[in-house]
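**Q** The working numbering numbers the first residue of the sequence shown as 25 and each following residue consecutively.
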Amino acid sequence: MRTSLKLLLALAALALSAAANAQVEAKNVWARATVQGQMGTGAFMTLTAKEPVRLVGAASPVAGVVEIHEMAMEGNVMRMRAVERLDLAAGKPVELKPGGYHVMLMDLNRTLKAGDRIAVELRFETKDKKQFTLPLEAEVRMTAPGAAMPMKH
Ligand SMILES: [Cu+2]
Numbered sequence: 025m026r027t028s029l030k031l032l033l034a035l036a037a038l039a040l041s042a043a044a045n046a047q048v049e050a051k052n053v054w055a056r057a058t059v060q061g062q063m064g065t066g067a068f069m070t071l072t073a074k075e076p077v078r079l080v081g082a083a084s085p086v087a088g089v090v091e092i093h094e095m096a097m098e099g100n101v102m103r104m105r106a107v108e109r110l111d112l113a114a115g116k117p118v119e120l121k122p123g124g125y126h127v128m129l130m131d132l133n134r135t136l137k138a139g140d141r142i143a144v145e146l147r148f149e150t151k152d153k154k155q156f157t158l159p160l161e162a163e164v165r166m167t168a169p170g171a172a173m174p175m176k177h
């Protein structure tokens, strides 16, 4: 009896975490390469949520501080600023890309070289205020996937 209850609880927990992870799909996850001494860079991806959720935070082992940023025109200057959250509607892909929303990695503890892979964890909140995390692996690149590559000779 005890064992079967434990098993049942374990299975329930597994089902719950699987459901939470399946709520948001991330594609084309990448981070921009840095030069030595550079303290900040952006991570980008396309997020599609199965149900309405909001992105409320992020973390990465390579960055002391991680924020959700947006780029916006202030007068005629493009500036970025931190936002508290980014709402995702059900089934509607939201692109985090250079010049728009991005995950800002700050206080970097190392140089990110093209070809490296770094962990980035996103934190979401559902409508009923339940939080869940989505662990991702970002490929470090010079340019966005699919962007024009320099000519090779
Ligand atoms: Cu930024």
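Note that the Cβ used here is the ideal one computed from N, Cα and C, for glycine as well.
Please work out which residues of its chain come closer than 8 angstroms, Cβ to Cβ, to Met166, disregarding the five sequence neighbours upstream and downstream, and give them in chain order.
**A** If we look at Met166 and ignore the five residues flanking it on each side, its Cβ neighbours are Arg56, Ala57, Ala138.
**Q** So, helix, strand or coil for Ala34, using DSSP?
**A** The answer is helix: DSSP assigns Ala34 an H, G or I state.
**Q** For Ala34 and Leu158, I'd like the C-alpha separation in whole angstroms.
**A** Those two C-alpha atoms are separated by around 20 angstroms.
**Q** Have a look at Gly66 and Gly88 and give me their C-alpha separation to the nearest angstrom.
**A** Their Cα atoms are separated by approximately 14 angstroms.
**Q** DSSP three-state label for Leu136, please.
**A** Coil, per DSSP.
**Q** Hey, Val77 and Arg147: beta-carbon distance below 8 angstroms or not?
**A** Not in contact: Val77 and Arg147 (Cβ atoms no closer than 8 angstroms).
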